[in-house]
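Contents: one structure, followed by commentary.
2 protein chains.
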Amino acid sequence: MNMLIQENRQVLIKSLPQGKLETGNFYIESVKVPVVGEGQVLVKTAAFSISAGTRAGLQGSASYAGGPSAGNVMNGSGIGQVVLSRCEAIPVGHWVKASTGWQDYSVHNGADTEIIPHGYDPVSYLGPLGINGLTAYFGLVDVGQPREGDTVLVSAAAGSVGHLAGQIAKINGAHVIGVCGSDAKRNILVSELGFDAAVNYRDDDFRQKLKIATPNGVDVYFDNTGGMILGSALFRMNIGGRIACCGVVSQYDTDRPAPSPKGIPGLLINKRVTMRGFLIYDYADRFAEGRETLHKWISSGELKSFTDRVQGLESAPGALVNLLAGGNIGTRIVDLN
Amino acid sequence: MNMLIQENRQVLIKSLPQGKLETGNFYIESVKVPVVGEGQVLVKTAAFSISAGTRAGLQGSASYAGGPSAGNVMNGSGIGQVVLSRCEAIPVGHWVKASTGWQDYSVHNGADTEIIPHGYDPVSYLGPLGINGLTAYFGLVDVGQPREGDTVLVSAAAGSVGHLAGQIAKINGAHVIGVCGSDAKRNILVSELGFDAAVNYRDDDFRQKLKIATPNGVDVYFDNTGGMILGSALFRMNIGGRIACCGVVSQYDTDRPAPSPKGIPGLLINKRVTMRGFLIYDYADRFAEGRETLHKWISSGELKSFTDRVQGLESAPGALVNLLAGGNIGTRIVDLN
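Line by line, the protein sequences are chains A and B.
Each residue of the first sequence is one higher than the one before, starting from -14 at the first, in my numbering.
Each residue of the second sequence is one higher than the one before, starting from -14 at the first, in my numbering.
Right under this line is the structure:
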């Protein structure tokens, strides 16, 4: 091992948040670089992504993201190069994606890393070719099942998953409406990403604007938010509509989740609506198929991927707090020094 | 027309209920028997069924049952014989099922009636071979999709649809748990209808009892109630579980529906649960298939149908009020004099 590697800076959880997450819920520490066992590799993190789902994990075991606790290194997906290998299949120098967490170095069993093929931008494995892209792809295509000409509504439409899901719906021939949290995002969705319309949920007359933006109702709702936006969308659903339940970002940054939207299950019955929750890990055996399609669309220019980059490990806590307030467009990535 | 037919007694809506339905929301009147036009038949009601869905209609246009208003004859499905026909396909004497409403006589276009074949008990068309049976069948088999060995939970399990749905789940090889509102019903479900267990939702420790009754979780929940029982069921769902949203009886007898159960859509995502609302009318082109299967099961004794009969038109309002309080077991039928 390179003797120059002296320390492993880590962002750790100081305390689980009470109410909204604050940067004070984290602290930074330097520890020794971990020991690499037989069959393992040491990865030097080049970048990791931050998503709203990261916050869900901090709600404890109630969330799908599991329950980290005080003193744990903050969890997250990252990319990096292998700097030491005791795993024959993954030589030093290879780029991999792994659950690096928020730290400079991490050790993984070879099988727990994903080798990024040569010729691919490693960062794309944190965005459109990673979990975000695959979530958008399978959530839209497999769960939402839009048909040509359907109206597809996407919430958190400027987010890491949403901005891809909306474009994938367009590629599939749908009429696509985004819901987002600022007029700047609204403009980007329409002018740069090809959404047919976008509505700012912070507007006082949001429900009225949503109605105007969906004159033919909504056939597929790709729900990243839950809460009030889901509640509003339910009233716009067409008969036989599908709701792909991807995330509940409206309820992550709190320890007192709001009540569920009104009219469940009554509205589902009246409109014969299907709501289906999914986790992308259930599609693991189809990732190759999804990635191939996504790569083709990216190469052809049909699918644009937005990243939103922040510099330095120490920026990560603030970047997550800001993301939860709606500060990002596309996938937020922390580049390490 | 037989000159002995002088009057048509009707139950009409006096006022839409504020809060709980009362018999005072109805009144009885006698009017002239309606005129029969070309292509129409006059049906003398022999019996009609009363279901919780009937109450939903009185909530106005928010319900799938549409919005009747004061002065209307109360709506409902009935069976009767054709006593006057100006429709060649349906001669006098034929038994039909039709939207008779709560009255002695009603006129229908031939196409709006359903001819009950000879050899069938006409009353079965209000129960296991009618909408109740078809709802149980398609809701369970097509929406719920139980697999051999699955645990199926049914709410309002002693009700007109529930008691059939549970038995159909058993026939399909499932382990079946019913939720009902009295210990008498609980005993009947287990000892007479073959449910593996049943839980009384009025028990203080209902959630605990539900947990004990579903040690392997719940794969399919056939939801007739919504509300607290749905909320409790959500926590028992297995990964990949299906909820067939059939009705919301817990929310019908009020003008102030309760909030939706907690954790939607979060729990749907964590457990990858599908909730699907359905209306039986969407299966109209498969009714023959459903009826054939149901008839086979009834004939073989595999499927028992419970009816709960009330005598006389004037009993109908009280029979509905009592049904909403949980007074019925099986399909409640009003026999006319």
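Built from N, CA and C at the ideal position, the CB exists for glycine as well.
Residue 246 of chain B: contacting residues in chain A (beta-carbon distance under 8 Å): 245, 249
Beta-carbon contacts of residue 195 of chain A that lie in its chain and below 6 Å, excluding the five residues immediately before and after: Contacts found: 184, 217.
Per-residue contacts from residue 257 of chain B into chain A (C-beta, under 7 Å): 262, 263, 264, 267
Straight-line Cα distance separating residue 309 of chain A from residue 75 of chain A: 36 Å
Members of the stretch 192 to 206 of chain A near chain B, C-beta cut-off 8 Å: Here the close residues number zero.
Under 8 Å from the C-beta of residue 254 of chain A: neighbouring residues of chain B: 49, 230, 231, 232, 233, 262, 263, 264
Buried or exposed by the 16-neighbour rule on C-beta atoms within 10 Å, applied to residue 313 of chain A: buried
Residue -7 of chain B - DSSP class collapsed to helix/strand/coil: Correct three-state label for residue -7 of chain B: strand.
In DSSP terms, what residue 318 of chain A is bridged to: A/34, A/294
Start and end residues, beta strand (DSSP E) containing residue 192 of chain B: Segment 191 to 198 is the alpha helix (DSSP H) holding residue 192 of chain B; no beta strand (DSSP E) there.
Residue interval of the beta strand (DSSP E) (run including residue 176 of chain A): No beta strand (DSSP E) holds residue 176 of chain A; the alpha helix (DSSP H) holding it covers 168 to 176.
Whole-angstrom distance between residue 175 of chain A and residue 248 of chain A, CA atom to CA atom: 31 Å
3-residue-minimum beta strand (DSSP E) runs that sit fully inside the stretch 234 to 311 of chain B, ordered along the chain: 259 to 262, 292 to 296
C-beta atoms of residue 152 of chain A and residue 119 of chain A nearer than 8 Å: no
Status (buried if at least 16 other CB within 10 Å, exposed otherwise) for residue 212 of chain B: Residue 212 of chain B should be labelled buried.
Strand pairing of residue 162 of chain A, partner residues [DSSP]: A/138, A/182
Same chain, Cβ closer than 7 Å to residue 209 of chain A, five either side skipped, listed in chain order: 140, 141, 144, 146, 147, 231, 232, 234
Closest Cα partner of residue 202 of chain A within the set A/-6, A/186, A/159: A/159
Of the residues A/226, A/286, A/241, A/289, the one placed nearest residue 260 of chain A, counting alpha carbons only: Considering only alpha carbons, the answer is A/226.
Counted within 10 angstroms of its Cβ, other Cβ atoms place residue -14 of chain A as buried (16 or more) or exposed: Low confidence applies here, because residue -14 of chain A scores a pLDDT of 49, under 50, leaving its location unreliable and the question unanswered by this model.
Residues that DSSP places opposite residue 88 of chain A in a beta bridge: Beta-bridge partners assigned by DSSP to residue 88 of chain A: A/-5.
Element boundaries [alpha helix (DSSP H), containing residue 119 of chain B]: Run containing residue 119 of chain B: 116 to 123, per the alpha helix (DSSP H) assignment.
Expected contact under 8 Å - CB spacing of residue 67 of chain B and residue 229 of chain B to nearest Å: Not really, about 36 Å apart at Cβ, beyond 8 Å.
Residue span of the beta strand (DSSP E) that contains residue 74 of chain A, given as start and end: Looking at the DSSP string, residue 74 of chain A is not in any beta strand (DSSP E), and its letter there is neither H nor E.
Beta-carbon proximity of residue -7 of chain B to residue 89 of chain B, cut-off 8 Å: yes
Opposing strand residues paired with residue 222 of chain A [DSSP bridges]: A/203.
Residue from A/206, A/271, A/298 whose Cα sits closest to the Cα of residue 258 of chain A: A/206
CB contact flag (residue 123 of chain B, residue 237 of chain B, <8 Å): no
Backbone CA spacing between residue 164 of chain A and residue 132 of chain A [nearest angstrom]: 20 Å
Whole-angstrom distance between residue 87 of chain A and residue 319 of chain A, CA atom to CA atom: 9 Å
Alpha-carbon to alpha-carbon, residue 80 of chain A and residue 305 of chain A: 25 Å
Residue 243 of chain B versus B/4, B/0, B/302, B/16, residue with shortest Cα-Cα distance: B/4
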